[in-house]
Every structure is written in C-alpha cells, then in structure tokens.
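Novice:
Numbering (the numbering used here), first residue to last: 3 to 404.
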C-alpha cells in the first residue's frame, strides 16, 4: 500500500509539473521578435544568433525610445550620434525604416554626429510653445520653434529637434535633420567632471500645470529639472534624494509611470565606476525609488535582489498576459526583465521564454509600450539594446505567447 501511495504521489507531482509547463508555454511565457538590427546576423555574447526583420546600419547601441501618441518610434543611436525612426503598425508584422535620420552633435560641433544620446522624450507641451530651440530656417533666417523631440546625452547636453530649425552654416541638403543643443553642462563643474546624462523624462504637474524636463546626471549623482525655457529649476530641499542610498549609487534613469491615477517618477540607480561615467554591473547592483513630480521621495520601490544596473521602466499594457498592469524593469547588466507589483514593489517574476527560461537581451536599455498607431501594438512592449558591449544595436518587441 505504501508503494501505491508513493506511485500516486509521483503521478500527482508529474501532473503538476506538466500543468505548470503548459501554463508557461501559453499564458505566462513571452515571445521576442527582433525587428531591426545594425547587422543582418547579430550574435550575442551568449552565442545566440539574432536575425532581425530589417537591417539599419545606423542602429548602434540603441538606447532611448519614445513616440508621440501616434508617431513612429524614435530611438537614440548612442554609438552612432543619431536618432532613427521606425514605423511599426499593429496590423503589419514587418516594420518600416523611416528615411529621416536626426544628427546628435557634440559640444563645439553643431553639424556633426559625435554626440552620445541616451534618453529621449516627446515634447508633450510643444503645442503650448514649450522648450523652444533656436537656429536658422531652411532659407537662412533666424528662427525659434518648440522642439518636437528632446534628447539627453552622455556628453552632458540636452538637445531638441524641430524640422524648421537648423544650426548656422548647415548643409542645405540636410536641412531639418539637425539636433540643436539647448542645455550644455559638459564642462560643469569642470571639463573633466562634466555632466553625464543617462536618462530623460518629461511630465506635467496637474496641480500647477507646469511641465518639467528631468535629467538623470549619473556623474553628479543627481536628478536635474528644467522648465519649458530650459532654465534650471530650483527644487525643494532634499528633492530627489534618498537618505538611505548606499555610497557609490547614482541615478541611472528616470521614467514617469502612472500608479493609482497619479504619475510617479521611477528613478533607477546603478553603481558608478571610478570615472563616474559608466555603471558597474553585478547581481544585486540596483535600486529603484519612486518620487512625486516635485521630487519628494515616496518609497524605496525595489532594491538589490534581481536588479542588475536597471534602466528600462514600463507599465505592462492590457493584454500582456498575467503581468498586465505590473511594472517592468529591465536590467542593462544581465538583460533580464523583472516584473514587480506596481503598488507594493514585490518582485513577481522575470519575463520568460516558452522554455521557462528568463529572456536575456544583451545590453538591454529601453522598454516602451506601443502607441497603437505608427509606434507599435498597444498590447506589446518594445525594447532597445546595445549588445556586444554597446557596439551593436537591436530593436524588438515582446508579446505573450499565444
């Protein structure tokens, strides 16, 4: 009789495992689709070969990702000094490369592409004339107009783009393709210790109607805020400060996330290297705090554990399997995507493939939900990455396994 009980228990265990595997293969696993890469065949450091649907040589170290509510997706090409656009319509499986390539200059070279863009945002206050950039029109006259898109760079600059604004002495054939530097902190406090902006966010405070631009200055270990004229904003004492932050951690990214009807700013922290320019990856090397739009700390959302130089942040959309409405936080350090409860910050799981293994995207940076127009399926999450030590680039999507 004892052997019978053991046999029945073994059958029950096998059944439970099979049931769990079946669930993982359908409702709780996810499919990665590689849409665009800089090479036809891209081999990650783990040996897996990725063959994207399109090749765009400009897409090197794909980092920041944004769009308007209906536009194509804009991506910061950190290792190419450009921003490129991709039309991803929900009803079409193959994306289209938009011909526009925006140059991101470095300080002192307004016509070049030596800048290193990181975070990027759509100017949600452009209709109100906010965040104007200055230059010359295609006809050569002085002009100023609101930037439609904004970029932060590792060079310590914040730039804007408007097709009607060009730098002086621009190349006529390239009119409308230039990023214009609006904030230059590359030598603040000194040329050797200038700002290094790793992330950028924009949000409007419903209480006072003011729209601010927020930049994560990794070198200085601060979050900076700018008003709609690109003037630095004096924040309340202690703003964007975590009194319990361990030494060596600095803001790596900042992202607005809607939580319980209010917008919270999620600030991810990574460990600084000796030059305070790049992160030091490692298991547990990461913290995520939440703040209100004035910089008051709300909570230590997540810390250490599964975090590894966290950067990408997104709220999973409706239809995203069992994780719809949860917070996704991507690790640049190991390419994993962690799932957290949006209120408690409890770690729930990682996004997993149909084999139950954690999805690994080498050099993972941005996460963004599709806009339902030319910027992707609203039920999918789109990602950017700089695999192979940021030498290459990848843009793709993640969706529940049907």
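C-beta: ideal position from N, C-alpha, C; glycine also.
#1: Near residue 68, which residues of its chain fall below 6 Å by C-beta distance, leaving aside the five closest residues on each side in sequence?
#2: Would you say the stretch 92 to 110 touches the stretch 54 to 62, given that touching needs at least three Cβ pairs under 8 Å?
#3: Could you check the C-alpha separation between residue 2 and residue 78 for me, to the nearest Å?
#4: Quick one: what does DSSP say residue 176 is sitting in, helix, strand or coil?
#5: Exposed or buried, what is residue 350 when buried is set at 16 or more other beta-carbons lying within 10 Å of its beta-carbon?
#6: I'd like to confirm something about residue 277: is its beta-carbon nearer than 7 Å to some heavy atom of the ligand SAM, or not?
#7: What number of angstroms, rounded off, separates the C-alpha of residue 27 from the C-alpha of residue 332?
#8: Taking residue 44 as the reference, which of 365, 159 and 73 has the closest Cα?
#9: Using the Cα positions of residue 317 and residue 173, report the straight-line distance between them to the nearest angstrom.
#10: Alpha carbon to alpha carbon, what distance is there between residue 61 and residue 86?
#11: Roughly how far, in whole angstroms, is the beta-carbon of residue 253 from the beta-carbon of residue 292, given that I think they are within contact range, below 8 Å?
#12: So what does residue 98 bridge to, in DSSP terms?
#13: Which of the three DSSP states, helix, strand or coil, is assigned to residue 325?
#14: Between residue 390 and residue 209, what straight-line distance do the alpha-carbon atoms span, to the nearest angstrom?
#15: Go through the stretch 248 to 333 residue by residue and report every complete run of the beta strand (DSSP E) that reaches 3 residues or more, in order.
#16: Comparing C-alpha positions only, which one of 82, 30 and 356 sits nearest to residue 108?
#17: Look up residue 36 in the DSSP assignment and give the residues it is bridged to.
#18: Can you grab the Cα-Cα spacing for the pair residue 31 / residue 169, in whole Å?
#19: Can you tell me whether residue 132 is buried or exposed, with buried defined as 16 or more other CB within 10 angstroms of its CB?
#20: Looking at residue 218: is its Cβ nearer than 8 Å to the Cβ of residue 255?
Specialist: Reading from the atomic positions:
#1: Looking up residue 68 in the chain shown gives position 66. Answer for residue 68: 76, 122, 123 and 124, listed in chain order.
#2: The answer is yes - the stretch 54 to 62 touches the stretch 92 to 110, with three or more Cβ pairs under 8 Å.
#3: The shown model of the chain, from 3 to 404, leaves out residue 2, and the question about it has no answer.
#4: As a position in the chain shown, residue 176 is number 174, starting the count at 1. If DSSP states are grouped into helix, strand and coil, residue 176 belongs with the helices.
#5: Here the question's residue 350 lines up with position 348 in the chain shown. Classification for residue 350: exposed.
#6: No copy of the ligand SAM appears in this structure; indeed no ligand is present at all.
#7: By one-based count along the chain shown, residue 27 stands at place 25. By one-based count along the chain shown, residue 332 stands at place 330. Low confidence applies here, because residue 27 scores a pLDDT of 38, under 50, leaving its location unreliable; read the following figure in that light. The alpha-carbon atoms of residue 27 and residue 332 are separated by roughly 22 Å.
#8: Indexing the chain shown from 1 puts residue 44 at position 42. In terms of CA proximity to residue 44, 365 leads the group 365, 159 and 73.
#9: Translated into the one-based positions of the chain shown, residue 317 becomes position 315. Translated into the one-based positions of the chain shown, residue 173 becomes position 171. Cα-Cα distance, rounded: 41 Å.
#10: Sequence index remark: in the chain shown, residue 86 carries index 84 (1-based). Sequence index remark: in the chain shown, residue 61 carries index 59 (1-based). Distance between the alpha carbons of residue 86 and residue 61 is about 7 Å.
#11: Here residue 253 corresponds to residue number 251 of the chain shown, with the count starting at 1. Here residue 292 corresponds to residue number 290 of the chain shown, with the count starting at 1. The Cβ separation is near 13 Å, so there is no contact.
#12: Within the chain shown, numbered from 1, the residue matching residue 98 stands at position 96. Answer by DSSP bridge pairing, in chain order: 89.
#13: Reading the chain shown from its first residue, position 323 is the one you call residue 325. Three-state DSSP puts residue 325 in a helix.
#14: Here residue 390 refers to the residue found at position 388 of the chain shown. Here residue 209 refers to the residue found at position 207 of the chain shown. When rounded, the distance between both Cα atoms is 44 Å.
#15: Every beta strand (DSSP E) of 3 residues or more that sits fully in the stretch 248 to 333 is shown, in chain order, as 251 to 261, 264 to 273, 289 to 293, 299 to 305, 312 to 317 and 329 to 333.
#16: Indexing the chain shown from 1 puts residue 108 at position 106. Nearest of 82, 30 and 356 to residue 108, Cα basis: 82.
#17: The residue given as residue 36 occupies position 34 in the chain shown. Its beta-bridge partners are 398.
#18: In the chain shown, counting from the first residue as 1, residue 31 sits at position 29. In the chain shown, counting from the first residue as 1, residue 169 sits at position 167. In a straight line, the C-alpha of residue 31 is about 48 Å away from that of residue 169.
#19: Position 130 of the chain shown, counting from 1, holds the residue named residue 132. It counts as buried.
#20: Taking the chain shown and counting its residues from 1, the one referred to as residue 218 is at position 216. Taking the chain shown and counting its residues from 1, the one referred to as residue 255 is at position 253. It is a contact, given that the beta carbons lie within the stated cut-off.
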